[in-house]
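Let me begin by presenting the structure, written as structure tokens, before commenting on it.
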Amino acid sequence: MSRNRKAGTVTIIPNLSIIDIAEEGKGVGKADELVIFVDKAVPGDVVDVRIVKKKKNFAEAVIESLNTASELRTDSFCQHFGTCGGCKWQHMGYDSQLKFKHKNVEAALQRLAKIDTSAMEPILGSAENKYYRNKLEYTFSNKRWLNKQDMAERPEDFSGPNEELEMNALGFHVPLRFDKILDVQHCYLQAEPSNSIRNSVRTYALNNGLSFYDLRNHEGALRNLIIRTSSTGEVMVAVVFAYVEQAQADGLMEFLKVNFPEITSLLYIINQKKNDTIFDQDVITYSGRDHIFEEMNGLKFKIGVKSFYQTNSDQAHELYKITKEFAGFSGDELVYDLYTGAGTIANFVAGSVKQVVGIEYVPTAIEDAKFNSALNKIDNTVFYAGDMKDILTRDFIAEHGKPDVVITDPPRAGMHTDVVERLLEMEAEKIVYVSCNAATQARDLALLKEKYEVVRIKPVDMFPHTQHVENVVLLKFTGSSNIVV
């Protein structure tokens, strides 16, 4: 390998071979035993890279020159790729994406939990890898991210916003820049009318003098735009305002109502807090219902603007079918559904078991879960809201019974150690562990090995063109320690 060369304080490493891809989605190369993570690099690339951050045992870098392109590379289809940060793997073919997602799950389970993955089942790819999301949230900002063309065309004496350069934007946050928003023209994540609604809202706001939010100074009329769609053809649009006059809010909402009659739920929210969360904010229904409906496997689910629902509806159905298959129900099981959310999995499996007990931290999600059971005439589910480690106690288990099967689908941080200890105490015959983070799943599986054996593993790709992947693991109770000393 050629010696590093420095231009001032900039370190350039030439002809670095990319040999792997990391769990966070960056390419991996090695130079003199230094592991280098390279943004937007693909295994098989040979690149000159510029070091942007260096630690003792690793460094982070960006590509200065692509000398040899990997056979796995492909042209990105989105004009915003590379700036947006939402679809970091668009430059790699989908079959290759699946290969590396499978590999990263396998590596996490082997390295962190010392699990035998020889019988791991092939990853299930998504049938659709464009327009697969049912929810997107956009941000308004008066500080648009300037691309290379903007910078080239700006006046020589440019020092800030001016009349010749439109600085308002409606789109996504630029990675690592909380106050900079990429103005999105077309997004391939959500099907129409999503793009038409977003672009029309931007045009209306500019033409009618509605101010875009200032994320640093916390001022401005327009803050966020939320669009949800469903497989039933229903559309929800929620506009989040900050400091707006009622006449301005009514004007925009009426514009949406008239120009997009397909909107079945038209809502708005006034949020003047310093953060974007809307869970503690009142929702005002301007037109239609305050919810839309989703359908899955013959079941209907009510979706409000604050509701949790898997954002890839079709692939969520596949994920839940795998979860149900792994559980192998006979019909008389008591099931605990931990981190139940809006009770989607609980209601999905309810027809195949004796009873499902669902637990979830968010009270509004539990209300949705109860509503969805009633909506589908399901009478063998019960739901409880509260912190999992506080709800799932010995007294709770004594009252509701020892479960035959536990389904757990925790957030990315995985399960609290108290919850893992309780699972070891209750000794359910089976645990089906659904995870969106293989590393924290592996950490929990290592603890559960004390009494459980992993017997099935299957990754499921919910988010094409990203590094994220779901993984389903079936554990069976052995009654003795499986830890190899």
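Residue numbers (full-length UniProt numbering): 1 to 485.
Idealized CB from N, CA, C, for every residue including glycine.
Skipping 5 residues on each side, what residues in its chain have a beta carbon closer than 6 Å to that of Asn380?
Apart from sequence neighbours up to five positions away, the residues of its chain that approach Asn380 with a beta-carbon distance below 6 Å are Ala350, Gln355, ordered along the chain.
Residues that Ala238 bridges to, as DSSP identifies them
Partner(s): Ile226, Leu267.
Other residues of its chain near Ala413: CB distance less than 7 Å, five sequence neighbours each side excluded:
If we look at Ala413 and ignore the five residues flanking it on each side, its Cβ neighbours are Thr440.
If you draw a straight line from the alpha carbon of Glu254 to that of Arg73, how long is it in whole angstroms?
When rounded, the separation of the alpha-carbon atoms in Glu254 and Arg73 is 46 Å.
At which residue ranges does the stretch 259-332 contain complete beta strand (DSSP E) runs of 3 or more residues, listed in the order of the chain?
Segments of the beta strand (DSSP E) lying fully in the stretch 259-332: 265-270, 284-288, 291-296, 299-304.
Spatial distance of Lys55 from Val47 (CA atoms):
Pairing Lys55 with Val47, the inter-Cα distance amounts to about 21 Å.
For the structure I just gave you, are there three or more beta carbon pairs, one from the stretch 75-90 and one from the stretch 167-181, closer than 8 Å?
The stretch 75-90, when compared against the stretch 167-181, does touch it at the 8 Å Cβ threshold.
From Leu375 to Val49, what does the alpha carbon distance come to, in whole angstroms?
Those two C-alpha atoms are separated by around 56 Å.
My guess is that Phe348 and Lys302 are in contact by the Cβ rule of under 8 Å, so how many angstroms apart are they, rounded?
Going by Cβ atoms, the distance from Phe348 to Lys302 rounds to 15 Å, so no, they are not a contact pair.
Proximity below 8 Å, CB of Val460 to CB of Glu294:
Cβ distance not < 8 Å, so Val460 and Glu294 don't count as in contact.
Give the secondary structure of Phe396 by DSSP, where H, G and I count as helix, E and B as strand, and everything else as coil.
Residue state, collapsed to three classes: helix.
Outcome for Ile19 when other beta-carbon atoms lying within 10 angstroms are tallied against a minimum of 16
With fewer than 16 other CB atoms across the displayed protein chains lying within 10 angstroms of its CB, Ile19 is exposed.
Give, in chain order, every unbroken run of the beta strand (DSSP E) that is at least 3 residues long and sits entirely within the UniProt domain "TRAM" (4-65).
Whole beta strand (DSSP E) segments, 3+ residues: 5-7, 10-21, 27-31, 34-38, 46-54.
Distance between Leu98 and Ile123 (C-alpha atoms, nearest Å)
Ile123 and Leu98 have their alpha carbons spaced roughly 7 Å apart.
Kindly indicate which residue of Ser200, Leu165, Ala221, Asn217 has the alpha-carbon position closest to the one of Gly209.
The candidate whose alpha carbon is nearest that of Gly209 is Ala221.
Cβ neighbours of Asp332 in the same chain (closer than 6 Å, five flanking residues each side left out):
If we look at Asp332 and ignore the five residues flanking it on each side, its Cβ neighbours are Lys354.
Taking the beta strand (DSSP E) that Lys476 belongs to, which residues open and close that run?
If you look at Lys476, you'll find it in the beta strand (DSSP E) that goes 470-477.
Sufficient close CB pairs (3 or more, under 8 Å) joining the stretch 300-315 to the stretch 379-398
In short, these stretches do not touch, since the Cβ pair count stays below three.
Roughly how many whole angstroms lie between the Cα atoms of Gly125 and Gln467?
Straight-line Cα distance between these residues: approximately 13 Å.
What's the C-alpha gap between Gly401 and Tyr336?
If I take the Cα positions, the gap works out to 10 Å.
Tell me the rounded alpha-carbon separation between Asp409 and Tyr339.
Roughly 6 Å between the two C-alpha positions.
Tell me the DSSP secondary structure of Pro464 in three-state form.
Three-state result, Pro464: coil.
So, with DSSP's three-state summary, where would you put Lys451?
In this structure, Lys451 counts as coil in the three-state DSSP scheme.
Leaving out the 5 sequence neighbours to the left and right, which residues in its chain are closer than 6 Å to Glu429 when beta-carbon positions are compared?
The beta carbon of Glu429 lies closer than 6 Å to those of Asp404, Phe477 in the same chain, with the five residues before and after it left out.
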